[in-house]
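J.: Before anything else, here's the structure in question.
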Amino acid sequence: MMMPSNEMGYDNLEGDDFNMNVGRVHRMSESSRRSGDSSTSARLPPQWGKRTTYDGQVYYFNKVTDETCWDIEEINPETGELMSQRSAVPQERPPSAGPNSNNDYRSTTARILESELTWNLLLQEITHSVQLLNQSAQLKRKDLYVQQSTTIVEIIRLMLYASGTVKHDIQHYPNYQILKQQNKNIMHTLNLLVFATKTASQVWPPPDAALKMQQAANDVLGAVRQFIMSAQDVDIKLDKSLIEIRPEETRDNQEESVQGSSELIAQLEQCSQEIYRSTQKLVSTLRQPEYQTSFLITQTRSIVTDVGRFLSVVDEVQYDNMNSEATREFKVNRIALCNNISGLVMAAQNAVTPIRPNNANEQVILGAGLVEKGVKDFMISVKYLLQEKEAVETERCQKMFNEYARRPSAVSEHINQQYYMDPQMKTRNRRAVSLSAINSSLNEIPENGEKSILSAQEDSRERSYSQRNFNNNMTSPGRNLEQQFADFNINGPPIEARYERKVSSSSKNKLKQLLGDEAPNETSASAPDLNTKPWYLNYDYGNKDIVFNMEGKVKGATFPALIERLTIHDSHDSSFTQTFLLTYRSFATSMEVIDALIRRFSIKPPPQLTNPQDLKVWNEKKAMPIRLRVCNVLKSWIETYSLDLQGNQDDAKALETVREFFTSQATGEHANLANTIIKALEKRDAGTGKKMLLNLSKEAPPPILPKNLNYLRFLDIDPLEIARQLTIMESKTYTQIQPIECLNKAWSERENSPAVNVKAMIEFSNKTTGWVATAILRENDLKRRCNVLKHFILVADKCYSLNNFNTVMSILAGFNSSPIHRLKRTWEQLSKKINDIFENLERVINPQKNYAQYRENLHSVNPPCVPFLGVYLTDLTFIEDGNTNNLKSNNKLINFSKQTKTAEVIREIQQYQNQPYNLNPVKEVCDFILKCLNETVDETTLYDMSLILEPREREDEAIARKLQESGFL
């Protein structure tokens with residue numbers, strides 16, 4: 001009889017000695033850190049780390065290449081490379097998983113069930129699966145380990161069921177004791193294979209992990225061969241009717257996509273390589289003497305999209321339930337990467353402005369380099385986090401094996417109960433499913449007895465927690481600039497069918513601990529009233545029509561499902577309503593929304609609802625709340641979100657449709673609701689709707705007028721008054737920005753763009769920047785040129801005191817443009833006081849770290865305020881380019897997570913639109929400013945003017961000039 005070898009390194013699997021190994025996972029324990037060889041750690045190159053195996057053996061791993069080795073002497077301390085490959089196990093980058101990588105065990109079992117079931121067929125399939133696993137181990141295809149081990153387990157499950165040795169009493173068979181013992185041997189070797197597979201598929205497994213997995217697979221094959229020989233000796237027949245088909249095999253829409261850490265890293269490597277290629281292409285272009293600015297924009301946008309895809313893959317890793325150094329580094333490096341990509345976007349924008357800084361190309365190249373570094377650092381953080389998560393899961397697996405060793409006569413029954421009773425043994429997140437994927441098959445195999453009643457009852461309920469879709473999605477800078485993720489299908493009928501009892505608070509807390517912030521809230525998971533809820537009060541959308549995240553927020557849905565959630569009868573989500581109304585124009589027209597709402601208002605009872613009492617309940621608890629919700633949504637849309645009729649035929653037609661429908665309802669049973677909408681329409685027509693009112697609790701400050709208003713000169717106007725008039729003009733345009741202007745990058749459209757106010761602000765900012773440069777360079781006299789420069793610095797300072805950050809940025813952009821920045825003699829004439837003001841402005845409006853200092857200052861000020869619009873446009877660009885319009889997991893579902901991120905930015909823009917400035921406009925000053933703005937010249941001319949005023953000079957010439965000016969020569 002073939003028994004599993006103890007040479008695999010899992011010594012003393014039975015007995016108390018095994019308890020000593022519990023918790024000794026692939027990470028350095030605290031005692032190891034305290035007693036470890038500090039000199040060894042000091043000799044490790046920076047890209048190498050040290051870990052310990054379960055039996056205390058130390059090995060070393062490369063954070064970048066994933067190579068592992070036993071001896072530190074094999075690592076070159078200078079280069080960090082392995083000096084000998086013979087005893088090292090390089091972890092090659094696995095290619096992307098093929099189309100059958102996730103569901104191969106399903107196709108294998110289907111093929112077996114379609115064929116004539118014989119012992120030879122089963123043995124061939126198991127032998128073939130073991131050979132495939134061995135080949136993958138030799139090729140270092142870690143991404144296939146779990147899938148191929150799952151196939152082995154699944155075939156054995158079918159074999160035991162079909163042979164009748166699971167549920168039938170085998171005592172009537174001759175030599176039944178031998179069959180029983182061989183059944184135990186199969187279960188024992190399968191458990192070892194699960195454990196070895198989990199270990200070998202980790203990010204940085206021990207150098208011999210793949211060999212141990214191969215040995216475990218061969219032991220399974222040996223145990224199966226002996227069982228088949230014994231079964232044939234006693235003439236046991238195979239019967240397909242005895243095979244239990246699991247729900248996952250018959251319901252494709254609820255299949256899990258089993259994807260382990262190796263597959264995740266493979267995807268990240270592919271994404272990172274795309275990012276590196278894009279950044280290198282951008283850098284090489286910038287180093288050419290001439291290039292087109294359109295290419296710079298296109299390439300930067302490509303990098304943003306690549307980084308967004310990279311983050312969408314990473315953000316599937318759930319880490320909120322972990323508290324470790326790996327989690328902290330993960331979060332820090334994630335934020336750093338988001339800041340780096342935002343910095344690159346801002347640098348690219350500065351490089352294509354009419355008056356670009358003289359070091360614009362260098363800033364873009366620097367930004368591209370920081371993005372590359374951020375990706376590399378983040379990759380290492382992700383590997384650390386995945387290794388930590390796998391170690392925690394493997395520790396629980398080890399505890400399960402410990403229980404197995406204590407109760408060898410009840411192996412499978414105990415595994416079933418442990419797996420279903422303890423949520424910690426379930427799939428906890430989408431990246432920690434590799435072990436659970438095998439266990440879910442293994443746990444289906446009882447050992448010579450029925451599955452426990454508790455296990456059978458818990459089976460369907462627990463599986464409902466693990467029915468998730470693991471496809472990718474994109475993140476935004478809203479969270480991170482940023483994805484998140486985890487599909488959780490929640491809707492009326494499926495929940496009622498799945499959950500048969502109220503989830504206790506302790507269970508919810510435990511689930512929250514395991515799943516982090518994505519744990520379903522009470523309304524989605526516990527649903528205490530589900531058992532008593534009549535069928536006719538269920539939601540109308542189907543299981544595939546909507547997807548929620550674990551916070552209970554809509555992640556994606558079809559358009560009809562979004563309309564239903566907008567007017568849902570048993571709850572109200574004001575945040576969802578506002579988000580929908582702010583962003584619906586990115587995926588629907590106003591007429592489509594109004595038509596859908598009118599259909600929703602005209603809801604009819606189900607045909608099968610004939611009981612008068614039930615019909616009354618339906619009207620009271622579903623139909624009437626829906627109609628109220630529809631009217632509330634329409635009233636909000638009419639008062640706040642509908643656009644002016646001029647040039648917007650869609651909203652004009654939608655408003656007329658609303659008017660006609662509710663006028664027809666004004667004399668019916670819904671007259672009160674209809675009259676509410678009609679009054680809202682009348683107020684809109686009369687122009688008496690919601691308006692921004694000026695706070696007159698304090699009088700506006702008197703304007704500071706120059707002596708002669710008929711002949712104005714720039715230096716004659718007080719800097720504060722110039723700042724006030726600029727603020728009035730900027731604020732007027734800013735407060736008129738509509739949500740539609742922030743959708744789909746409307747400001748980048750050259751013709752028929754709805755973003756008229758955003759484009760007007762951009763144009764005004766560019767003209768202000770040009771005015772600064774033109775006014776300074778038109779002064780031939782050095783002293784007067786210095787005075788103009790000083791005056792603009794004071795204007796910028798006054799704008800800052802007025803919270804007009806947009807104008808501050810425009811003026812600073814003029815100072816940093818090449819024609820002005822190079823005027824060293826002019827800058828040297830500024831006093832220390834003026835220089836300090838200028839440096840303070842540059843410090844608080846510093847673009848570093850995605851304008852972190854500016855954002856902090858902005859959130860600390862009270863309206864009125866004119867924020868720097870460029871920051872919002874950068875965030876919106878990142879969201880738009882980094883997120884698909886439809887979910888990748890189901891392209892029929894609108895990506896509402898993207899709309900939520902966009903709405904967050906729009907809400908912040910609107911936050912500073914509600915309070916106007918209490919300032920008096922001065923027509924003469926405004927006209928003077930507008931005249932100056934329209935008299936700016938192009939950048940080439942400005943640079944030529946700059947060279948005439950201050951020609952290029954060598955360093956020795958500059959020294960001689962300074963000595964002459966100081967009187968020494």
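Residues 1 to 969 (UniProt numbering) are what the sequence shown spells out, left to right.
Using N, Cα and C, we set each Cβ at its ideal position, and we do this for glycine too.
Predicted model, so just to flag it, every value in this text is computed and none were measured.
Where Asn183 and Leu211 are concerned, what is the direct C-alpha to C-alpha distance, given to the nearest angstrom?
T.: C-alpha separation (whole angstroms): 25 angstroms.
J.: Does the stretch 219-231 come into contact with the stretch 180-200, if we say contact requires no fewer than three beta-carbon pairs (one atom in each stretch) closer than 8 angstroms?
T.: The stretch 219-231 is in contact with the stretch 180-200.
J.: Comparing alpha-carbon positions, which option in Pro354, Gln288, Arg356, Ser381 lies nearest Asn333?
T.: Of Pro354, Gln288, Arg356, Ser381, the residue nearest in Cα terms is Ser381.
J.: Short of 6 angstroms in beta carbon distance, which residues of its chain neighbour residue 976, apart from the five on each side in sequence? Order them along the chain.
T.: Residue 976 is absent from the structure shown; the chain starts at 1 and stops at 969.
J.: What three-state label does DSSP hand Glu482 in the structure shown?
T.: Summary for Glu482: the model assigns pLDDT 31, below 50, so the residue's position carries little reliability; its value from the coordinates is reported in the next sentence. Coil, per DSSP.
J.: Around the Cβ of Pro951, are there at least 16 other Cβ atoms within 10 angstroms (buried) or fewer (exposed)?
T.: By the 10 Å Cβ count, Pro951 comes out exposed.
J.: Determine the extent of the beta strand (DSSP E) in which Asn62 is found, giving its start and end residues.
T.: Here the beta strand (DSSP E) through Asn62 covers 58-62.
J.: Quick one: using the 10 Å Cβ neighbour count with 16 as the cut-off for buried, is Trp535 buried or exposed?
T.: Label assigned to Trp535: exposed.
J.: In the DSSP assignment, find the unbroken alpha helix (DSSP H) run with Lys798 in it and report its ends.
T.: Per DSSP, Lys798 belongs to the alpha helix (DSSP H) from 782-801.
J.: If you measure between the beta carbons of Leu337 and Val375, is that distance less than 8 angstroms?
T.: Going by C-beta atoms, Leu337 is nearer than 8 angstroms to Val375.
J.: Pull up the CB-CB distance for Asp944 and Arg301, whole angstroms please, since I reckon it's below 8 angstroms.
T.: Not really, about 32 angstroms apart at Cβ, beyond 8 angstroms.
J.: Could you check if Gly111 is buried or exposed, using at least 16 other CB atoms within 10 Å of its CB as the buried criterion?
T.: In the sequence under discussion, the amino acid at residue 111 is Arg, which differs from the Gly named in the question. Exposed is the call here.
J.: Let me make sure I understand the geometry here. Which of Gln915, Asn934, Pro921, Ser817 has the alpha-carbon closest to that of Asn359?
T.: When each option's Cα is compared against that of Asn359, the closest is Ser817.
J.: Please report the distance separating the alpha-carbon of Arg356 from that of Arg855.
T.: Roughly 23 angstroms between the two C-alpha positions.
J.: Are there 16 or more other CB atoms within 10 angstroms of the CB of Asp219, so buried, or fewer, so exposed?
T.: The residue is buried, with at least 16 neighbouring Cβ atoms inside 10 Å.
J.: For Gln649, which option in Ile678, Pro754, Glu699 has the closest C-alpha, if you only look at C-alpha atoms?
T.: For the residues Ile678, Pro754, Glu699, the minimum Cα distance to Gln649 belongs to Pro754.
J.: Pop quiz: Ile594 and Val658 are said to be a contact at Cβ under 8 angstroms. What is the actual Cβ separation, rounded to whole angstroms?
T.: Rounded, the Cβ-Cβ distance is 6 angstroms, consistent with contact.
J.: Looking at C-alpha atoms only, which residue of Asn744, Thr936, Lys653 is the closest neighbour of Phe878?
T.: The shortest C-alpha separation from Phe878 is found at Asn744.
J.: My assumption, with CB atoms under 8 angstroms, is that Asn361 sits in contact with Ala368. Please give the rounded CB distance.
T.: So it is not a contact: roughly 11 angstroms between Cβ atoms.
J.: By how many angstroms is the C-alpha of His572 removed from the C-alpha of Glu125?
T.: Glu125 and His572: Cα-Cα distance of roughly 54 angstroms.
J.: Which class does Pro921 belong to by DSSP, given the choice of helix, strand or coil?
T.: DSSP places Pro921 in coil when its eight states are reduced to three.
J.: In the DSSP assignment, find the unbroken alpha helix (DSSP H) run with Val547 in it and report its ends.
T.: Run containing Val547: none in the alpha helix (DSSP H); it sits in the beta strand (DSSP E), 546-548.
J.: From Asp927, Asp143, Lys888, pick the residue whose C-alpha is nearest to that of Lys555; which is it?
T.: Answer by Cα proximity: Lys888.
J.: Straight-line CA distance for Tyr711 to Glu274?
T.: Distance between the alpha carbons of Tyr711 and Glu274 is about 60 angstroms.
J.: If we ignore side chains and look at the alpha-carbon of each, how far apart do residue 971 and Asn883 end up?
T.: The structure shown has nothing for residue 971, since the chain only spans 1 to 969.
J.: If you reduce the DSSP assignment to three classes, tell me which class Ala110 lands in.
T.: Helix at Ala110.
J.: Strictly by DSSP, which residues pair up with Gly556?
T.: Gly556 is bridged to Val547, Asn895.
J.: Assuming Ile776 is part of the alpha helix (DSSP H), what are its boundary residues?
T.: Residues 756-777.
J.: Between the C-alpha atoms of Asn857 and Val844, what's the straight-line distance to the nearest angstrom?
T.: Each residue's Cα considered, the two are about 8 angstroms apart.
J.: Would you report the Cα separation of Val637 and Ala596, rounded to the nearest angstrom?
T.: As written in the sequence, residue 637 is Trp, which differs from the Val given in the question. For Trp637 and Ala596, the distance between alpha carbons rounds to 14 angstroms.
J.: How far does the alpha helix (DSSP H) with Asn134 in it reach, from first residue to last?
T.: Looking at the DSSP string, the run of the alpha helix (DSSP H) that includes Asn134 is 119-138.
J.: Compute the beta-carbon to beta-carbon distance between Asn850 and Asn339, rounded to the nearest angstrom, for a pair I have assumed lies under 8 angstroms.
T.: Rounded, the Cβ-Cβ distance is 4 angstroms, consistent with contact.
J.: Compute the Euclidean distance between the alpha carbons of Leu841 and Leu634, then round it to the nearest angstrom.
T.: Going from the Cα of Leu841 to the Cα of Leu634 covers about 45 angstroms.
J.: In the DSSP output, what is Ser817 paired with across the bridge?
T.: Note: Ser817 sits in a beta bridge opposite Pro357.
J.: What's the C-alpha gap between Asn100 and Val234?
T.: Residue placement at Asn100 cannot be trusted, given a pLDDT of 40 that sits under 50; what the coordinates show is reported in the next sentence. Asn100 and Val234: Cα-Cα distance of roughly 37 angstroms.
J.: Excluding sequence positions up to five away, which residues of its chain have a Cβ less than 8 angstroms from the Cβ of Trp827?
T.: Correct list, in chain order: Leu789.
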